[in-house]
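In full-length UniProt numbering, the protein residues as written are 1 to 97.
Don't be surprised by glycine CBs; every beta carbon is placed ideally from N, CA and C.
Below you'll find the structure, written out as structure tokens, and then a few comments.
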Amino acid sequence: RVAKSDAHNLWERLKEHETAVLLFAQDPNVPFTNNRAERDLRMSKVKQKVSGCFRKAEFAQAYCRISSYLQTMANQGFNPLVAIQMALSGQLYAEEA
């Protein structure tokens, strides 16, 4: 098998996935990048780097549950303080931000 250049491999991959690569240009609901999940995980990595670890598994689970809720609410357009107030009052979601 003959090795192909990086440019050739990129060209082949773009041809193969042309519709998916350019979908964001046709549908405004499709984000330009696909790194939303990476951004959502960034704070967990920072927490891990700063503190090293959680003392108990329950603390890690609570942190994940709370941060997931806050990230979801932020993605829905809610202010984090409003989201916390909603959670503490038992109103976990509202139709309008």
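### Local conformation of Leu22 per DSSP, three classes
coil
### Query
Just to confirm, are Met43 and Ser67 a CB contact at a threshold of 8 angstroms?
yes
### Task
Assuming Met73 and Ala83 form a contact by the criterion Cβ under 8 angstroms, report the distance between their Cβ atoms to the nearest whole angstrom.
4 angstroms
### Query
Helix or strand or just coil, what does DSSP make of Cys53?
coil
### Message
Starting from Ala83, trace the alpha helix (DSSP H) in both directions and tell me its first and last residue.
### Response
80–88
### Query
Are the beta-carbon atoms belonging to Pro80 and Leu88 less than 8 angstroms from one another?
no
### Message
Considering only the alpha carbon of each residue, which of Leu92, Arg65, Cys64 lies closest to Gln76?
### Response
Leu92
### Through-space distance from His17 to His8, alpha-carbon basis
14 angstroms
### Asn74, DSSP secondary structure in three states
According to the sequence as given, residue 74 is Ala; it is not Asn. The answer is helix: DSSP assigns Ala74 an H, G or I state.
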